[in-house]
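Student: In our numbering, the protein residues as written are 16 to 398. Dropping the structure in here first, questions after.
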Ligand code: GLY
């Protein structure tokens, strides 16, 4: 067991994100000594990796292990109900706890079960992917999907702690790691340009589990998220701590407006981080079309995302050829469902986010043209 880096998430229910290697031994200290029973909700496909976690917990608690379906299949009302039944049978009380072990879908579902059982029991997340470490496990968003859409049922429920044991990334498929870097690079553009420098100055082949550069990228992205959610947990848009005019938590949705439409058109076959990468390039092109952003920062989007191995145009994804009307139509339907006008999170400079509300059709179309085919600008095109 080694010493972790502690990243505090301040606010009304403050907690720490622990980042480092060989950290599983820290888990009982995070779950706490007043807890009697622990439900370990883990992605069933990760049963082997979950065993050491189970062993550590068994030495301290009465443990209920609950294997969950893979990926988004875990995020259903049926799976949540099965978990509630299991907690009931085991006699879980307000002073017991949930530990999640898995990717973002596991932390979303597990966080939701913890938030709703007896109106809230303690939860500690142990994310196993880059994406879950830098995004899903931090900030308290929990939820499930319904027939009407993804993440429409849920709550803000902050964990007692997040344990990011980087050793868990050793077995993560490279494509998953790269997809997670999509959210990391996004954090570089919205808040911490040093992330971009690290990506630009390090050989992408060296950004691997166990490397100092991957550790620094993950820690920096977590710090970005921690600062944002501490300032605006519930995405209310009021975040004076982040500076005047800052859009608050919505900043984390950079690249997600088009990104979600791309994911939807691919039948969710495209990884989230891949869709976000294209979505960020689109947002940069839109800002350029609106006269807000210069050529150099737009080109830097293609360089940074492309360098880590992510797509930077629709033409190199499985939804190549999807028309402007289809993609923008999907965005409009989503927005209509939320009763708001078309709005995009854009940049007017590095780490200078703003909301572009109601962009005109010409700007939307020009940005689409710029990302609809393989683009020759920047290193990203060399992938
Ligand atoms: N994943 C975006 C957020 O946590 O707000």
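Each residue gets a CB set at the ideal place from its N, CA and C atoms; glycine is no exception. Since this is a predicted model, take the numbers as computed values, not measurements.
Which ranges does the alpha helix (DSSP H) cover as unbroken runs of at least 4 residues, wholly within the segment 21 to 75, from first to last along the chain?
Tutor: Here the runs fully enclosed are 42 to 46 and 62 to 73.
Student: Helix, strand or coil for residue 369? Go by DSSP, reduced to three states.
Tutor: Against the chain shown, residue 369 aligns to sequence position 354. Three-state result, residue 369: strand.
Student: Locate the alpha helix (DSSP H) running through residue 437, then write down its first and last residues.
Tutor: The structure shown does not extend to residue 437, since the chain is modelled only from 16 to 398, so the question has no answer here.
Student: So, for residue 378: in the same chain, excluding its five sequence neighbours on each side, which residues have a beta-carbon less than 8 Å away from its beta-carbon?
Tutor: By 1-based counting over the chain shown, the position of residue 378 is 363. Answer for residue 378: 301, 304 and 305, listed in chain order.
Student: For residue 185, which residues of its own chain have a beta-carbon under 6 Å away from its beta-carbon, when the five flanking residues on both sides are left out?
Tutor: Numbered from its first residue, the chain shown carries residue 185 at position 170. Contacts found: 224.
Student: Is there at least one non-hydrogen atom of ligand 1 closer than 7 Å to the beta-carbon of residue 268?
Tutor: For the purposes of this step, residue 268 is taken as residue 253 along the chain shown, with counting starting at 1. For ligand 1, at least one heavy atom lies less than 7 Å from the Cβ of residue 268.
Student: On the CB-based measure, 16 or more other CB atoms within 10 Å of its CB, does residue 117 come out buried or exposed?
Tutor: Position 102 of the chain shown holds residue 117. With 16 or more other Cβ atoms within 10 Å, it is buried.
Student: Confirm the yes/no value for this check: CB of residue 154, any heavy atom of ligand 1, distance under 7 Å.
Tutor: Position 139 of the chain shown holds residue 154. It does: the Cβ of residue 154 is within 7 Å (strictly closer) of some heavy atom of ligand 1.
Student: Going by beta carbon distance, what residues of the same chain come within less than 7 Å of residue 365, once the five residues before and after it are set aside?
Tutor: Looking up residue 365 in the chain shown gives position 350. Closer than 7 Å at Cβ, skipping near neighbours: 204, 208 and 312.
Student: Count the other CB atoms, across all protein chains shown, that sit within 10 Å of the CB of residue 147; report buried if there are 16 or more and exposed otherwise.
Tutor: For the purposes of this step, residue 147 is taken as residue 132 along the chain shown, with counting starting at 1. So residue 147 counts as buried.
Student: Near residue 15, which residues of its chain fall below 6 Å by C-beta distance, leaving aside the five closest residues on each side in sequence?
Tutor: Past the edges of the chain, shown from 16 to 398, lies residue 15, and the structure says nothing about it.
Student: Where does residue 249 land, buried or exposed, given buried means 16+ other C-beta within 10 angstroms?
Tutor: For the purposes of this step, residue 249 is identified with residue 234 of the chain shown, where counting begins at 1. With fewer than 16 Cβ atoms within 10 Å of its Cβ, residue 249 is classed as exposed.
Student: In angstroms with no decimal places, state the Cα-to-Cα distance between residue 139 and residue 275.
Tutor: In the chain shown, counting from the first residue as 1, residue 139 sits at position 124. In the chain shown, counting from the first residue as 1, residue 275 sits at position 260. One C-alpha to the other measures close to 28 Å.
Student: Looking only at its own chain, which residues have a Cβ that is under 8 Å from the Cβ of residue 237, when we skip the five neighbours before and after it?
Tutor: By one-based count along the chain shown, residue 237 stands at place 222. Result list for residue 237: 22, 32, 34, 148, 149, 153 and 179, in chain order.
Student: Rounded to the nearest angstrom, what separates residue 334 and residue 299 at their Cα positions?
Tutor: The count along the chain shown starts at 1 and reaches residue 334 at position 319. The count along the chain shown starts at 1 and reaches residue 299 at position 284. Taking the straight line joining both Cα atoms gives about 20 Å.
Student: What does the Cβ neighbour count give for residue 73, buried or exposed, with the cut at 16 atoms within 10 Å?
Tutor: Sequence index remark: in the chain shown, residue 73 carries index 58 (1-based). Answer is exposed; the Cβ neighbour count stays below 16.
Student: Please name the residue in 62, 291 and 192 whose C-alpha comes closest to that of residue 278.
Tutor: Within the chain shown, the letter at position 263 stands for residue 278. The shortest C-alpha separation from residue 278 is found at 291.
Student: Return the Cβ separation of residue 406 and residue 145 in integer angstroms, given the expectation that the two are a contact with Cβ distance under 8 Å.
Tutor: A query on residue 406 cannot be resolved here, the shown segment of the chain reaching from 16 to 398 and no further.
Student: Check whether the Cβ of residue 264 sits closer than 7 Å to any heavy atom of ligand 1, and report yes or no.
Tutor: Position 249 of the chain shown holds residue 264. Yes.
Student: Could you please give me the residues that DSSP links to residue 142 through a beta bridge?
Tutor: Here residue 142 refers to the residue found at position 127 when the chain shown is read from its first residue. In the DSSP output, where bridge partners are listed per residue, residue 142 has 117.
Student: Near residue 352, which residues of its chain fall below 6 Å by C-beta distance, leaving aside the five closest residues on each side in sequence?
Tutor: As a first step, residue 352 must be located in the chain shown, where it is residue number 337. Low per-residue confidence applies at residue 352: pLDDT is 49, beneath 50, and the placement is therefore not dependable enough to give any value.
Student: Could you pull out every residue in the same chain whose Cβ sits closer than 6 Å to the Cβ of residue 155, ignoring the five residues on either side in sequence?
Tutor: In the chain shown, counting from the first residue as 1, residue 155 sits at position 140. Result list for residue 155: 171, 172 and 173, in chain order.
Student: Rounded to the nearest angstrom, what separates residue 368 and residue 314 at their Cα positions?
Tutor: Residue numbering aside, residue 368 sits at position 353 when the chain shown is read from its first letter. Residue numbering aside, residue 314 sits at position 299 when the chain shown is read from its first letter. Approximately 17 Å, taken between the alpha carbons.
Student: Kindly confirm or deny that the segment 103 to 114 and the segment 46 to 61 touch, where touching means at least three C-beta pairs closer than 8 Å.
Tutor: Enough Cβ pairs lie closer than 8 Å, so yes.
Student: Can you find a heavy atom of ligand 1 that lies under 7 Å from the Cβ of residue 123?
Tutor: Here residue 123 refers to the residue found at position 108 of the chain shown. Not under cutoff, so the answer is no.
Student: Considering residue 159, what are the terminal residues of the alpha helix (DSSP H) in which it resides?
Tutor: As a working note, residue 159 is residue 144 in the chain shown. Per DSSP, residue 159 belongs to no alpha helix (DSSP H); it is in the beta strand (DSSP E), 156 to 161.
Student: Which residues mark the beginning and the end of the beta strand (DSSP E) in which residue 80 is found?
Tutor: Residue numbering aside, residue 80 sits at position 65 when the chain shown is read from its first letter. Looking at the DSSP string, the run of the beta strand (DSSP E) that includes residue 80 is 77 to 83.
Student: Out of 200, 252, 259 and 263, state which residue places its alpha-carbon closest to the alpha-carbon of residue 234.
Tutor: On the chain shown, residue 234 is found 219 positions in, with the first residue counted as 1. If we check each option's Cα against that of residue 234, 200 comes out closest.
Student: Just to check my reading of the structure: residue 246 and residue 254 have Cβ atoms closer than 8 Å, yes? What is that Cβ distance to the nearest angstrom?
Tutor: Here residue 246 refers to the residue found at position 231 of the chain shown. Here residue 254 refers to the residue found at position 239 of the chain shown. Between residue 254 and residue 246 the Cβ distance is about 4 Å, and since that is below 8 Å, they are a contact.
Student: Under 8 Å between the Cβ atoms of residue 80 and residue 219?
Tutor: Within the chain shown, numbered from 1, the residue matching residue 80 stands at position 65. Within the chain shown, numbered from 1, the residue matching residue 219 stands at position 204. Contact flag unset, no.
Student: Is residue 349 near ligand 1, judged by its Cβ being under 7 Å from some heavy atom?
Tutor: By one-based count along the chain shown, residue 349 stands at place 334. Incorrect: residue 349 has no Cβ contact closer than 7 Å to ligand 1.
Student: Taking 8 Å as the CB-CB cut-off, is residue 271 touching chain B?
Tutor: You won't find chain B in this structure, because it holds only one protein chain.
Student: Helix, strand or coil for residue 279? Go by DSSP, reduced to three states.
Tutor: For the purposes of this step, residue 279 is taken as the residue at position 264 of the chain shown. Reduced to three states, the DSSP call for residue 279 is helix.
Student: Give a single yes or no on whether residue 150 has its beta carbon closer than 7 Å to a heavy atom of ligand 1.
Tutor: To locate residue 150, count along the chain shown from 1; it is residue 135. Indeed, a heavy atom of ligand 1 lies less than 7 Å from the Cβ.
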